Amino acid sequence: MIGKTNINLKADIRNSVSNYISFQPWQWNFGAIAIVLAWIGLVMFIQKAPKIGIYVVMFNNILHTFFKFFIVFLLFIIAFGLGFFCLIQNQVSENEP
Numbered sequence: 417m418i419g420k421t422n423i424n425l426k427a428d429i430r431n432s433v434s435n436y437i438s439f440q441p442w443q444w445n446f447g448a449i450a451i452v453l454a455w456i457g458l459v460m461f462i463q464k465a466p467k468i469g470i471y472v473v474m475f476n477n478i479l480h481t482f483f484k485f486f487i488v489f490l491l492f493i494i495a496f497g498l499g500f501f502c503l504i505q506n507q508v509s510e511n512e513p
């Protein structure tokens, strides 16, 4: 009996709060950014732990290497995309009369 009352009370409070508070889209964006930054801070804090810290250091090294590779990869994607755009921009579709 007490458990059902507690669940109903939580649902009632959640519904009554959502009727009065409406969040703007920019608030959701800042909230998402804050959560990501909090997780990054937590990972950097865990780096100092003796047993887990080595994995955080490995993850940071892999991430650093990936970003160095991704910059070059992104340049190639942009170069090929622009090249194909120049080749295909004046093509006539087969469906047009």
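Each position in the sequence shown, counted from 1, maps to that position plus 416 in our numbering. Ideal Cβ placement from N, Cα and C applies to all residues, glycine included. Being a predicted model, the structure only gives us computed values, none of them experimental.
- Taking C-beta atoms as the reference points, GLN463 and GLY457 fail to come closer than 8 Å.
- Linking PHE496 to LEU479 through their CA atoms gives a straight-line distance of about 25 Å.
- Restricted to the segment 446 to 484, not a single alpha helix (DSSP H) segment is unbroken, complete and at least 4 residues in length.
- In the three-state reduction of the DSSP assignment, ILE493 falls in the helix class.
- Under the three-state reduction of DSSP, PHE439 is assigned to coil, being neither helix nor strand.
- Taking a contact as a CB-CB distance under 8 Å, the pair VAL452 and VAL472 does not count as one, their CB atoms being some 16 Å apart.
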